[in-house]
Structure formats: structure tokens, C-alpha cells
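In what follows, a structure is listed as C-alpha cells, so that the remarks can point back to it.
2 protein chains.
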Amino acid sequence: MVALRPRCGQAWAPAGVNGIRQRDKDKMKLKEFAKAVGMSQTTVSRALNGHPEVSEATRARLIEAAHRLGYAPNAHARMLATGHASTIGCVIPIGGRNELVNPIYADFLAGVGEVCARRKFEINLTVVPQDEQAEAYRALKSKGLVGGLIVQFPRRGDPRLALLKRIGLPFVVHGRVGDHPEPYSWVDVNNLRAFERGTQFLLQLGHRQIALLNGDEAHDFALRRREGFLRALAAAGLPAPAPDRMLSGEMSASYGYAGAVALLSSDNPPTAVLTSSIMIAMGVKQALEERGLQPGRDLSIVTFDDDLSYYSNRGAVPVFTAMRSPVREAGRRTAEMLIGLIDAPEGKAVTELLEAELVVGRSTAPPRC
Amino acid sequence: MVALRPRCGQAWAPAGVNGIRQRDKDKMKLKEFAKAVGMSQTTVSRALNGHPEVSEATRARLIEAAHRLGYAPNAHARMLATGHASTIGCVIPIGGRNELVNPIYADFLAGVGEVCARRKFEINLTVVPQDEQAEAYRALKSKGLVGGLIVQFPRRGDPRLALLKRIGLPFVVHGRVGDHPEPYSWVDVNNLRAFERGTQFLLQLGHRQIALLNGDEAHDFALRRREGFLRALAAAGLPAPAPDRMLSGEMSASYGYAGAVALLSSDNPPTAVLTSSIMIAMGVKQALEERGLQPGRDLSIVTFDDDLSYYSNRGAVPVFTAMRSPVREAGRRTAEMLIGLIDAPEGKAVTELLEAELVVGRSTAPPRC
DNA sequence: CTGAAAGCGCTTACAG
DNA sequence: CTGAAAGCGCTTACAG
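So this is what it looks like as C-alpha cells:
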């Protein structure tokens, strides 16, 4: 019977054939690797970590040898020794208000992941009930699991920012929280400008009766979109639409469908509508088609498009006229920014505003009559 | 000037006001916690880890104190000491064949995350180019970052299984690889049975001209679906449909749209179609409506439904008649199984076959004429 | 440019 | 039931 944990130093040999879990099974350690290449652990470690004391020739040789022998430093030992985790935390809240797992996550995470692979960072994904986020943040910090966090789907006056500052965890917000007493780092798309431009485009086509099917206005992005919408109307000398022309809700196809039905059945239906997501636009389109109506001809649709990879609104002529902003690119930018913050924790808050591009598709035309 | 890394033991005090990154900033360690509660580190550690030597009263008291004082063991020190990582690895391949980030990921991961939260496991997410997966697996193992892996989107004869067995990393496949020389653990939905039942349902309605818009048949699930389709037809004494009645492709709305157009414009259009995803079904529906046709009345649609939370095919009468199988539940089951494997690495391969339920919606009716 | 050795914060065999 | 101490596999100040 082999001891569960051999204490004494032993030569490099993958040991263990019996049923007990072996800690070292085919996993080379620094000590063995250093011996194999005939150098001290110190030098090997320094070479692999890019320290300047080691000559480039030696470094190259050791990197090659590590690759060949399959040696990679144990990440936990490394993090313990250095005292910091090269890991980005992504906390996904579920339940509560938005039970739906936002499809945006998949693409956003892909962008984050791309950057992490390049910069040799890991991603820790945590799924928590909406109301246990604070607890999750604290645990991530006190367990030393992450070096920083990405805050998703911020709300106006979101309490998470203060919490993160208090517990001393660097973070970047994907979006903005509206008014906030102190500067913080964020990556956002210019939602106000996007909806202002979308509205201007419809105005130029001749539309005067324009409705808005917005996202949940508890979120900052939705408020900015409404503001852009109203600003463009005001600039054209038009009054703010009646409340029943400006809806707000969960960005789903069924909301778009129901919203369109409501708009179409009013006394004085709008000739155009702005929607906050492709899913909403699809719901609107469905409602039109079930009534024998046609997007563009009977009701112009301009939508915000997160450019999710599973729903492509591309092609020679896209289905929808859209304000397009790739969420995957936002993921890349956010990760890049957070890694910068983790590497230099005393740095100032950084912000980045991405612009959406207006792409003309087949869902818009001048109003009839 | 404070030293970068204080070596000597020091009393519990969050130190550091200057700009240098402090490793201990407001992070309590076992030593300090033990002192605070007046016990040895050994006893505290054992209590927190649920060892039987500690009385339940003591354990309860220490757990409460840890919570109150905000103490949580450093995860890296813990993993280094125990020699294993309580972490599930999820490797998402991008690029190559399926550039699209599958929307299924979000819901599946949510299911995995739920279980991880409950079982106190972490999730490590890695995004890699399709052809660098092997490298990623090896790195995850040699860095000791994960205790096991979930293999997503298996293909027939998928080489990843052999690789994982070789490098000694427990894994569970979400889906199956078809023929495989050795047993392996998987969680799958009964795709064959689902499509067999869906086809039977259409046959019972009187349909004889049934088409299939399948997913990519390089994947095992798609082959099983086709087999179920053909089996039901054969059992009804019907011949296998012509190749242009059985399409295979990326599960998107545009594929569904194009497929429907092709089917409808043939000499002898089918009266019903089975589709492999809601996205495909939506594309089919769109093609119908643009032609003034109606799902159910003009073409019956039965679809597989992953029950993704962002697209709900629910309600009193669902839009689509569907074989419904919640992918989030599959995520839960997969994680549960993998954790079991990690905890008992010598265990036998486990498998679990989930059944889809047939839900009747508004997209099916007897054929006209 | 190099190495021996301390230390990171835990867990756990060993000895009471 | 409890504790002192070794060890997990790294990094890095310190001393050449």
C-alpha cells in the first residue's frame, strides 16, 4: 500500500498504479524540470517569467524545453507565491428580475476569453442568484480567486460599484450606472448617439409618428437610448411622443410582438418604430407579417443590433436597418482594460465609448400616404 | 518606504497606505482567524473542512465566526496543500467550422454554475481557437487549474476523449461521440427517440411527405435525429425521403429560411418538416409568412427545442409543436456527474439519457387536401 | 548572471 | 478532541 501523500523527495517517476488518488501523476514539477535542463529552480523560474536577468538565449532554450517536456508551473503555487491571481471574474446573476440568461453573455464572454488567452489570464465564472451577488464578490476576493471583476448589466445607482471599491477589487463595468459620485472604469457603446442617429434617419425618410420599444429602463443603457430618441425629435421640433408610444420591457421576441400589436391597434398607429434589440425587432416583424403587413412598406423598423454571432443581420442587404455594435468587441475591450487595471491597481479610472454604426437594411422606407 | 513583501510575521492589521500593491490588504489569514477565535490553526481548518474529529458545536461556532469576520481560506493555498482543484473546466472552441458562439452555452453554463455554487466548485472558462483545444487541455492539466472538464459539441470520433484519457483528466461529454472503443461518461438527450416521436406525431396527423432540416451531421446528435426520423418512417412503411428532403446545416434562422424556400419551391413540396432547433423553425416560419402561408395550415413544423431562457416557446399554446429538452437541466446533470467523477476518480463511466417531451403547439395540423 | 533558502497560506500525518 | 510542524510547488529578496 502506497502512502496517500509521499513526503520524502523522490526522483521523477510518475509513480502510482494503485487506486489511490496520486497528486503527482504525470505532472512535472519545477524541481524536476530544473534538474532535467541542468539549471537551478531560480534561473528556470526567472527565465519562464521573463525576468531580465536571464539571457534571451537561455530563456528561449528553457521555453522550448518546457514545451517539449510538458512542464508548466502550477498555477496555484504561483498565485500563492506572488500573492495575486491572474484571473478575471465574471459573475452572472440569475433569477430575480431577469430570469433569462442573456444571450449577450455568450458573445461577450467569447471576447473576454480571446483577450485572456492572449494575455495569459484565466476566467472564473460564477453563477449566483441576483440577491447574493455581494456575497459572491466578497467570497471571490477573500478566497483570492480573482484579480478583478467585470460588472455586467449595471443599473442606475447600482450598489455593486461601492461594494467592489470597498472590498478593494479592481473592476470594469460593461455599460454605465448613470450618476455616480466617483469615477469608475467602464466600456460602453454610445447608446444616446445611436438612437439619436436612428431617429434622425427615420425623420429624414419623412416619418413623424415614431414609436420606441425600449429595453428595461431600470438600466442605464435604456435611459440613454430614450434620451437620444427624444433629443432627435426635439431637434426636429417634434413633441415627445405619448407614453403609449414609448414602451419599456424585457428584450424578447414576445415583448416585441405584443408591443407591435399594441402600437398597430391604436387610433393613430406610428409609421416607424425603434427597437432596442434584434429579438424585439423580430417580434415586431412577426406581428406585421401575421397581419399581412410588411416591414419597411407598412412600418419602418430600426433596431439596435448587438451583432450576436448566432443571429446574423448581415449580408448584401441586411434584414433590419440597424445601429450595429459588436458586443464581442466590447468584451475584448473590457478584458483588456481590466487586465490593465489589475496590473496597475493604483491607476486612474479609464473609460471607453464605442460608437455604433448605422447600417441600412430592408426594414425602412418612407412612410406611405 | 515599506518593503514590497514583508517577510516577518506581523499582527493582524490591514497595513499599507502607500501606493505599493500589498498582498494582505484586508484579507484575513488562517493564523489570524485562529488567534481571533482562540483555537489552533489545525482545529479551525478541520472544523471548516467538515472533518469528523471536531464537534458539531465547535464547527457551528467557527463557521459563524468565519462568516462574521469575513474569513475564507485562500483557494490557491488550499489547492496547493490538497493537491487537487475543485474546479470544472469549460473549454469553448471558436473559429473554424462553427464560428458562431452557440447560444446554448449561456443556458448550459447557467446550469453548470448552479451546481458549482451549491457544491462549492469553481468554473474555469477557456476560449480557444478550434485547433488549439488539445493544447488548452494539456495546459489546464499541467497548471493544475481544473479537476475535470466538460466536453461540448462532440463530433463523431472526436479525438478529444482519447486525449483527455491520456492526460488523466476526468471529463463528462455533453452529448455523445458515436462509436467509441471504451466507455466514457456522458449526459445526453435521447435525440433518436425525440425525432422518432416527432415523426410519429406527424404521421398520425396524416402527413406522408415529411422533410428534415437537421443540424450539422458531423455531430452525433444530428445523426441520431436523422436515424429517429428514418426509423419512424420505416415503421410506417414509408421509404426514406430523397436527399433534397433531408438537409443538414448550421442551426441558424437563415439556414431554416433557405431550407424552407428550397423545400417549398420543389415540384412536390412536403406537407410537414422537422427542424433541429427553434432558430431553424423561426427561419422556416418567416419563409412561410413572407409567402402568405401559415405554419400548421400550410406546412406543419415540429422542432427540437432546447428551451433556452431567452426564447420562450411556452404559454397556454406554444408557437411551435416541439420536442422540448431543457439544456439548463442538462448543464446541472453534467456538472453533478463531473463533480462525482472528480471526487472519485477511479469510478466507472456514468451515463445519463434525458428524454425530451413532446409539446403540442400551433405549428402542426393535418395536411390539407 | 546564478543559487540556496525563506516564505506564500493552507492541510494533514503524526504524536499526544 | 487538539496542536506543532512538515509539506504542497512555486517566486524572489538576498548574497554571491
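Residue numbers (the UniProt record's numbering), protein chains in the order written: chain A, 1 to 369; chain B, 1 to 369.
Using N, Cα and C, we set each Cβ at its ideal position, and we do this for glycine too.
What you are looking at is a predicted structure, and each value in this text was computed from that prediction instead of being measured.
Return the residue from the list B:D305, B:H67 and B:T303 that minimises the CA-CA distance to R138 (chain A).
B:H67
Three-way DSSP call (helix, strand, coil) for R156 (chain A) in this model:
coil
Could you check whether the segment 228-239 of chain B touches the segment 259-270 of chain B, counting it as contact only if at least three pairs of C-beta atoms, one from each stretch, sit closer than 8 Å?
no
As a quick exercise: from B:G83, B:A110, B:R368 and B:R197, pick the residue whose alpha carbon is nearest that of I94 (chain A).
B:A110
So, for Q152 (chain B): in the same chain, excluding its five sequence neighbours on each side, which residues have a beta-carbon less than 6 Å away from its beta-carbon?
H174
How close, in whole Å, do the beta carbons of Y311 (chain B) and I280 (chain B) come, if the pair is a contact with beta carbons under 8 Å?
Rounded, the Cβ-Cβ distance is 12 Å, inconsistent with contact.
Buried or exposed: which applies to T334 (chain A), given that a residue is buried once 16 or more other Cβ atoms fall within 10 Å of its Cβ?
buried
Could one say the Cβ of L202 (chain B) lies closer than 8 Å to chain A's Cβ atoms, at least one of them?
no
Output yes if chain B places a C-beta closer than 8 Å to the C-beta of Y137 (chain A); else output no.
no
State yes or no: is the beta carbon of A13 (chain A) nearer than 8 Å to at least one beta carbon in chain B?
Unreliable placement is indicated for A13 (chain A), whose pLDDT of 38 sits below 50; the coordinate value is still reported in the next sentence. No - not a single Cβ of chain B is within 8 Å of the one on A13 (chain A).
Whole angstroms is fine: what's the gap from residue 370 (chain A)'s alpha carbon to A272 (chain A)'s?
Since the displayed chain A opens at 1 and closes at 369, residue 370 (chain A) lies outside it and no answer follows.
Under 8 Å (Cβ pairs) to chain A, residues found in the segment 101-119 of chain B:
V101, N102, P103, Y105, A106, D107, L109, A110, V112, G113, E114, C116 and A117
Using a beta-carbon distance below 8 Å, is G147 (chain B) in contact with chain A?
no
Does DSSP classify D307 (chain A) as helix, strand or coil?
coil
How is the alpha helix (DSSP H) around L80 (chain A) delimited, first residue to last?
A75 to T82
Got a sec, what are the start and stop residues for the beta strand (DSSP E) M323 (chain A) sits in?
T321 to R324
I need the DSSP call for N214 (chain B), collapsed to helix, strand or coil.
strand
Count the other CB atoms, across all protein chains shown, that sit within 10 Å of the CB of A234 (chain B); report buried if there are 16 or more and exposed otherwise.
exposed
Could you give the C-beta distance for L341 (chain B) and S185 (chain B), rounded to a whole number, given that I count them as a contact under 8 Å?
6 Å
Per DSSP, what kind of secondary structure is M282 (chain A) in: helix, strand or coil?
helix
Helix, strand or coil for S142 (chain A) per DSSP?
helix
Could you spell out where the alpha helix (DSSP H) holding D220 (chain B) opens and where it closes?
D220 to A235
Can you confirm whether the segment 73-88 of chain A touches the segment 300-308 of chain A when touching is taken to mean that 3 or more C-beta pairs between the two stretches lie within less than 8 Å?
no
Should A349 (chain B) be flagged as near chain A, meaning a C-beta pair shorter than 8 Å?
no
Below 7 Å on C-beta distance, what does Y255 (chain B) contact in chain A?
Here the premise fails: no neighbours, minimum Cβ distance about 11 Å.
Hey, does M323 (chain B) have any beta-carbon neighbour from chain A nearer than 8 Å?
no
Based on the DSSP secondary-structure assignment, which residues constitute the bridge partners of I88 (chain A)?
A:I123 and A:G148
If we cut at 8 Å on Cβ distances, does R225 (chain A) have a partner in chain B?
no
Alpha carbon of L203 (chain A) to alpha carbon of A218 (chain A), nearest angstrom:
27 Å
Chain A within 8 Å of P73 (chain B), Cβ atoms only:
yes
Closer than 7 Å at the beta carbon, the chain A residues around H219 (chain B):
None at all; the shortest Cβ gap to chain A is about 16 Å.
Using a Cβ cut-off of 8 Å (strictly closer), state whether E53 (chain B) contacts chain A.
no
Would you mind stating whether K213 (chain B) and G113 (chain A) have Cβ atoms separated by less than 8 Å?
Inspection of the sequence shows that residue 213 (chain B) is occupied by Leu rather than by Lys. Not in contact: L213 (chain B) and G113 (chain A) (Cβ atoms no closer than 8 Å).
P366 (chain A) CB to nearest chain B CB: under 8 Å?
no
Which same chain residues end up closer than 7 Å to L77 (chain B) when comparing Cβ atoms and leaving out the 5 residues on each side of it in sequence?
Note that residue 77 (chain B) corresponds to Ala in the displayed sequence, not to Leu. Closer than 7 Å at Cβ, skipping near neighbours: no residue.
9 Å Cβ cut-off: residues of chain B touching V187 (chain A)
By Cβ distance, chain B contributes nothing, its closest Cβ being about 18 Å from V187 (chain A), past 9 Å.
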